[in-house]
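As you go down the protein sequences, you meet chains A and B in turn. Note that our numbering gives residue 276 to position 274 of the first sequence, counting from 1, and the numbers run on in steps of one. Note that our numbering gives residue 18 to position 16 of the second sequence, counting from 1, and the numbers run on in steps of one.
2 protein chains.
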Amino acid sequence: MISALIEQTKKTAPVVVGLDPILDFIPAHIIEKAYDEYGESLAAAGEALWQFNKEIIDHVHDLIPAVKPQIAMYESFGIEGLKAFAKTCAYSKEKGLLVIGDVKRGDIGSSAFAYAIGHLGKVQIGTNCISAFQEDFITVNPYLGSDGVKPFIEVAKEEGKGIFVLVKTSNPGSGEFQDQILNTTNESKTPLYELVAQKVAEWGAEAGEDDENSYGYNPVGAVVAATYPEQARRLRKIMPQTYFLVPGYGVQGGKAADLTHFFNADGLGAIVNSSRGIIAAHQSERYQEFGNALFATAARTAVEDMIKDIKGVL
Amino acid sequence: MISALIEQTKKTAPVVVGLDPILDFIPAHIIEKAYDEYGESLAAAGEALWQFNKEIIDHVHDLIPAVKPQIAMYESFGIEGLKAFAKTCAYSKEKGLLVIGDVKRGDIGSSAFAYAIGHLGKVQIGTNCISAFQEDFITVNPYLGSDGVKPFIEVAKEEGKGIFVLVKTSNPGSGEFQDQILNTTNESKTPLYELVAQKVAEWGAEAGEDDENSYGYNPVGAVVAATYPEQARRLRKIMPQTYFLVPGYGVQGGKAADLTHFFNADGLGAIVNSSRGIIAAHQSERYQEFGNALFATAARTAVEDMIKDIKGVL
């Protein structure tokens, strides 16, 4: 799937739209229609998320290789929210987009395997093999260690899909555990996230390239946040064959000028995500002229501006 | 909610049944009935999980304070699986059990908050506040740091619920990152999981006791695995006021004799989980006499034996 990501990125731009809607982002006309139909219920919330996403997808799908729905925003609304998540994944794929499920799952072996087949693979039910959520990539939390991560890699490999392992996250407090310096024997001071990065590189090397169109990249990617560009410079060296999923651009503070270290000399190796900056563009000062009615056009314009911004520094 | 957990544990035993079904555990008569009704579909799988759980819950609810459904086993089957998860949570509560959702969620602030309200709290939809999954406790992954954990604590505190933060997990490879010795200034060699434990103790102290019936315990618990009893001895000292959720007993290798360090002198402070050892008891040599028809009686007997085993060492 990393081949498909590269191919579609080459045709468009290394930009991902994060579909992380909250009800406050959604224009009143969509919300009210959903309330009219379903009352002020979980079903109405799910319907509003889905209609909002659909319009965004319709307006941006030709500009970008992939979307990244954050499942937490859907899980908030229980089953009805997760139906909107599943519909969003399916519709994005219909529109030719790759889907990166930002699920940050991680568990011990058997449970990790269960997550992996649910999101990336197929479950065996009698004589049928059935896909549940059908993402192309998911994000994975490494705290449990290799035996918690490898089931995801095995399923990804088998299905021709991929994962992005959390290495250095975008939040202000990500350093609290991730930046802890380890008491290793070598002289170079290794923070925890660099050890995780070394493992990601190992896991990726073991998994190997997808095919001849992967440009040397493998299905085990890494989450490396735009908000920590200095750390990214070293991480790029530790993980030369690893694709980076880069959150934190835009509203969280990451700047295009800082993104150069995230890419390899081949111009590949990273995709940059923006969520709020795109899907809530109509609520920002910069794009407020579009108003609520044209929220998806505002999103499209914000994507075009983000692409210009990022292509300008590569 | 820690008060309720203590009260119900005092009436029963510090034992939790992990509701982590896979289709292979479920007797043929349940599976076939589900296939007859829904075909070999995700809906059939969800129905089978739910019917299996229901019978287990009916047979064990008077013996234990809580159940711990592992959401991965349901998420495997997508929306239909998650419906079974939600029904299992609701039915367990109807039967007077507390529900510990083993969801291991963890994310940056806004997403962590979304998970927290979905699992422990309420979402605001128009003028309604609605609960989605309704667990009493959930497990939380700390890799993202305090700002990723605190939204869970805030919601738990507000709702009178609780969390268990992953400190030292039960899997064989949990040491890969968790046991890394940190290059701290003090002489005592601190592994990462002890730093996480120190934070758990801090977060718990900040959150404070639930009420006068919490016996000094607070809503921020810790996952400390039965498979690492030596580590638990120190963790008990670092987190004296913290309730431990203890996985890894039984099939994973944790023994009752090793569990003494997990409890405080007051006989409280820990609840021990067993999943496969209980719900798949009918497939084990020890309880095979019950056969498939009496799988839930086998589970009850296995719970009774586990309680004897654990009470024997306390």
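Using N, Cα and C, we set each Cβ at its ideal position, and we do this for glycine too.
For residue i versus residue j, is the C-beta distance shorter than 8 Å?
| i | j | result |
| --- | --- | --- |
| I4 of chain B | Y219 of chain B | yes |
| L270 of chain B | A228 of chain B | no |
| V226 of chain B | F265 of chain B | no |
| D109 of chain A | Y117 of chain A | yes |
| F139 of chain A | K159 of chain A | no |
| R107 of chain B | V142 of chain B | yes |
| I165 of chain B | V222 of chain B | yes |
| G111 of chain A | A134 of chain A | no |
| A50 of chain B | I73 of chain B | no |
| G41 of chain B | N275 of chain B | no |
| A92 of chain A | Q136 of chain A | yes |
| Y37 of chain A | G128 of chain B | yes |
| V151 of chain B | V167 of chain B | yes |
| A1 of chain A | V315 of chain A | Outside the modelled stretch of chain A, which goes from 3 to 316, sits residue 1 of chain A, for which no answer is possible. |
| S94 of chain A | I132 of chain A | no |
| N294 of chain B | A88 of chain B | no |
| S277 of chain B | D22 of chain B | yes |
| T90 of chain A | N55 of chain A | yes |
| L194 of chain B | L194 of chain A | yes |
| E57 of chain A | A46 of chain A | no |
| G206 of chain B | Q243 of chain B | yes |
| Y289 of chain B | A300 of chain B | yes |
So what does residue i bridge to, in DSSP terms?
| i | result |
| --- | --- |
| S71 of chain A | The question names Ser, but residue 71 of chain A is Pro in the sequence shown. A:L21, per the DSSP bridge assignment. |
| G1 of chain A | Residue 1 of chain A falls outside the range modelled here, since chain A spans only 3 to 316, and no answer is possible. |
| I273 of chain B | B:L247 |
| A224 of chain B | B:V167 and B:F246 |
| E193 of chain A | It is worth fixing the name first, because residue 193 of chain A is Pro in this sequence and not Glu. For P193 of chain A, which the question treats as bridged, DSSP gives the partners A:I183. |
| D38 of chain B | Looking at the DSSP assignment, D38 of chain B forms no beta bridge with any residue, so it has no partner. |
| V142 of chain A | A:R107 and A:V167 |
| I132 of chain A | A:V125 |
| G101 of chain B | Checking the sequence, you will find Val at residue 101 of chain B rather than Gly. BP columns for V101 of chain B point to B:V69. |
Spell out whether any CB of chain E is found under 8 Å from the CB atom of residue i.
| i | result |
| --- | --- |
| Y251 of chain B | The structure shown contains no chain E; its protein chains are A and B. |
Since residue i and residue j should fall inside the 8 Å C-beta cutoff, what is the C-beta to C-beta distance between them, to a whole number of angstroms?
| i | j | result |
| --- | --- | --- |
| G279 of chain A | V248 of chain A | Actually they are not in contact, since the Cβ atoms of G279 of chain A and V248 of chain A sit about 13 Å apart, beyond 8 Å. |
| T11 of chain B | I273 of chain B | 6 Å |
| Q180 of chain A | T171 of chain A | 7 Å |
| F115 of chain A | P153 of chain A | 4 Å |
| V198 of chain A | P144 of chain A | 5 Å |
| E196 of chain A | I240 of chain A | 6 Å |
| G123 of chain B | E161 of chain B | 5 Å |
| L184 of chain B | L146 of chain A | Not quite, the Cβ-Cβ distance comes to about 18 Å (not below 8 Å), so this is no contact. |
| A224 of chain B | F246 of chain B | 6 Å |
- Message: Along the segment 144-177 of chain A, where does the CB come closer than 8 Å to a CB of chain B? Name the residues.
- Response: P144, Y145, L146, G147, S148, D149, G150, L168, T171, S172, N173, P174, G175, S176 and G177
- Item | Three CB pairs or more closer than 8 Å across the segment 297-309 of chain B and the segment 77-92 of chain B | no
- Item | Residues of the segment 121-132 of chain A with Cβ closer than 8 Å to any Cβ of chain B, in chain order | H121, V125, Q126, I127, G128, T129, N130 and I132
- Listed from N- to C-terminal order along the chain, which residues in the segment 97-112 of chain B have their beta-carbon within a distance smaller than 7 Å of any beta-carbon of chain A? K106, G108, D109, I110 and G111
- Cβ contact (3+ pairs, closer than 8 Å) linking the segment 86-106 of chain A and the segment 10-19 of chain B: no
- Relative to chain B, which residues along the segment 55-86 of chain A have a C-beta separation below 9 Å, given in chain order? Q72, I73, A74, M75, Y76, E77, S78, F79, G80, I81, E82, G83, L84 and K85
- Could you list the residues in the segment 191-214 of chain A with a C-beta less than 8 Å from some C-beta on chain B, going in chain order? K191, L194, L197, V198 and K201
- Item | Proximal residues, the segment 12-46 of chain B versus chain A, C-beta separation under 9 Å | D22, I24, L25, I33, Y37, G41, E42, S43, L44 and A46
- At least three beta-carbon pairs within less than 8 Å, the segment 25-33 of chain B to the segment 277-291 of chain B: yes
- Query: What residues in the segment 256-287 of chain A bring their beta carbon closer than 8 Å to a beta carbon of chain B?
  - Reply: none
- Using a Cβ cut-off of 8 Å, which residues of the segment 228-239 of chain B contact any Cβ in chain A, in chain order? none
- Query: What are the residues of the segment 287-315 of chain B that lie near chain A, defined by any Cβ-Cβ distance shorter than 7 Å?
  - Reply: none
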